[in-house]
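Everything on this sheet refers to the single structure shown next.
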Amino acid sequence: MPHCNKKMISFFLTTKCNLCCRYCYNAKERNKIEEKTIPLEIAKAGIDWYFNNCESRHIRFYGPGEPTQEFEKIKEITNYAKLNKNGGDRVTVEIQTNGVFNENVRDWALENINIMWMSFDGMPDIQNYNRPLNPKYKELFGGKTSAEVLENNVKWLIENKGERNLMVGARVTITDKNVYKQIEMVDYFYNLGIRYVWTNPLFYSVGEIPVCEDNLKKDSYNFDMEAYVNEYIKAYKYAKEKGLFWGSFYTINFDGESPYHCRSCTPLSAPHITTDGYISACDMALLGEKPYHMEAFIVGKWNSKTKKFDLYDEKIKTLNNRKSTEIEHCKKCPVKLHCGGFCLGETVNETGKLDGQNITKCIATRKLYRELGPCEPYKYLHP
Ligand code: SF4
Ligand code: SF4
Ligand code: SF4
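For the sequence shown, position 375 (counting from the first letter as 1) is numbered 376 according to my numbering, and the numbering increases by one without interruption.
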């Protein structure tokens, strides 16, 4: 099923975070503004609007910080969706979390969450290096490291889930620290009880200007894509034999055909409500008020007078028209229907254009498709 079929309403819950990841994709952006959390009125209006207009009853919690930092709001939004006259038993709940949360969150998650993607970079030495706990929060977790808290939560949830409809998977950022450790990571996750993993090569953080204009950012980026692809293929095959799914962000459309890369081209079927009351089309455009060069993704805004969302029709149309069958460099590409012109968020962040191209990523996608694709529908789509 191509990734654009992932239909859901996402809530960008809060800018607060309890980790200090080295590669945080939005740390500078978040740190510049006052801490912000989604207003409940807007989240609830988002549910009413989405359930009235779309068939899906899937709700999702995501950044820009760590959603469980606003645990009460997660509970209230989930309860509101479940009690909604259009919601009820059909509501399913997904979260992407850093997994560093306390027992209250864990107990509630066990009973209420259906898909939990843990942002998790593998063995403790790598996890603690890439994703250390913010020193301000150390005491709250009894001096434990992020790896200790996360491992403990993952094991507990998997051991206790029983027959509940809950999947605990890992979403791994691949950096130069773990690119050659993908097979080792398969064993590590397998032993923790995890059976679904999506890997994402390190991507550029979002700042005020596109990466193509930011020499400092370009110069500090270091990632060996060829090594990633070669090691990924080995790990994918090894994992498959063990009964573990080892996915790549570059293969998210290998299980179907579509000229679209993902939900960001059809934002009304998968809106993201931002902490400042806007509708975003993409996980990388997290703040609506000042999206800078990611403006193309801000497609609506909460109107506090009419108590409705105003939609920006022209921008929605432009995203709808972003198809690999129309983009000049994609038209003749052999994988155009299994790539969809690649991730718009990364493309716009890097090139400043919806139809920009990163040839290194194209070469990687084509090689992965030659070696592995196409495939059976994925059971759990990439977050
Ligand atoms: S957990 Fe997410 S938001 Fe928090 S520092 Fe890490 S990457 Fe950034
Ligand atoms: S980050 Fe990429 S894959 Fe994710 S929603 Fe944005 S465009 Fe789609
Ligand atoms: S691999 Fe490159 S050229 Fe081919 S569809 Fe994807 S973005 Fe376009």
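Beta carbons: idealized from backbone N, C-alpha and C, even for Gly.
Nearest-angstrom beta carbon gap, residue j and residue i [assumed within contact, 8 Å]
i	j	result
E377	D256	6 Å
L134	I175	22 Å between Cβ atoms; not a contact.
L369	T252	5 Å
A228	V180	5 Å
I43	W303	5 Å
L111	K162	7 Å
N166	N113	Actually they are not in contact, since the Cβ atoms of N166 and N113 sit about 11 Å apart, beyond 8 Å.
Backbone CA spacing between residue i and residue j [nearest angstrom]
i	j	result
S120	N99	5 Å
I127	D311	44 Å
M168	E104	18 Å
M186	G374	22 Å
N154	V101	8 Å
R323	Y261	7 Å
T79	V94	8 Å
F13	V207	16 Å
E149	P125	8 Å
K139	Y197	29 Å
F52	L245	34 Å
K333	C21	42 Å
M117	P268	22 Å
C18	E56	32 Å
C340	K354	17 Å
L193	A82	32 Å
K380	V92	18 Å
A365	S249	11 Å
K316	A286	14 Å
C5	V106	30 Å
A46	S305	11 Å
Q70	S147	15 Å
R1	K218	Since the first and last residues shown for the chain are 2 and 384, residue 1 lies out of range.
E77	C331	44 Å
P384	Q97	7 Å
L158	F190	14 Å
M295	I75	26 Å
L320	G301	13 Å
E290	C25	20 Å
H59	M9	5 Å
G144	E329	54 Å
D215	C363	22 Å
Test: residue i CB closer than 8 Å to a CB of chain C
i	result
P65	The displayed structure is made up of one protein chain only, and chain C is not part of it.
Cβ-based neighbour list, residue i, same chain, cut-off 6 Å, excluding 5 preceding and 5 following
i	result
P3	N254, G257, S259
S265	A282, C283, L345
E164	none
S11	R61, Y63, H273
Y293	E209
W109	none
T348	G357
Y279	G289, I299, K302
Distance cut-off 7 Å: residue i Cβ against heavy atoms of ligand 5
i	result
C283	This structure simply doesn't include ligand 5; it includes ligand 1, ligand 2 and ligand 3 instead.
Buried versus exposed call for residue i [16 or more other C-beta atoms within 10 Å across all chains shown]
i	result
P68	buried
P136	exposed
L338	buried
I210	exposed
T276	buried
R371	exposed
T307	exposed
S325	buried
L41	exposed
L288	buried
E152	buried
K182	buried
G122	Reading the sequence as shown, one finds Asp at residue 122 and not Gly. So D122 counts as buried.
K7	buried
L84	exposed
N27	buried
G89	exposed
G342	buried
G170	buried
Cβ-based neighbour list, residue i, same chain, cut-off 8 Å, excluding 5 preceding and 5 following
i	result
I184	E232, K235, A236, Y239
T361	M226
W50	K309, F310
I48	I10, I60, I78, Y81, A82, N85, G88
Beta-carbon proximity list for residue i, same chain, < 7 Å, skipping 5 on both sides
i	result
E351	Y205, P211, V212, C213, G357, N359
Y130	K178
N223	D177
T16	R31, I34, E36, K37, P65, G66, T276
R367	P335, V336
Point to revise | Complete runs of the alpha helix (DSSP H) confined to the segment 122–181 [at least 4 residues] | key: Counting whole runs of 4 or more residues, the segment 122–181 contains the alpha helix (DSSP H) stretches 125–131, 147–161.
Review point. Which whole runs of the alpha helix (DSSP H) in the segment 195–258 are 4 residues long or more, in chain order?
Key: Counting only runs of 4 or more, we get 216–221, 226–243.
Check your understanding: Unbroken beta strand (DSSP E) runs of length 3 or more, entirely within the segment 38–114: which are they?
Key -> Taking only runs of at least 3 residues, the beta strand (DSSP E) segments lying wholly in the segment 38–114 are 59–65, 93–98.
Practice item. Give, in chain order, every unbroken run of the alpha helix (DSSP H) that is at least 4 residues long and sits entirely within the segment 294–367. Key: As summarised for the segment 294–367, the continuous alpha helix (DSSP H) elements at least 4 residues long and confined to that stretch are 314–321, 337–340, 345–352, given in chain order.
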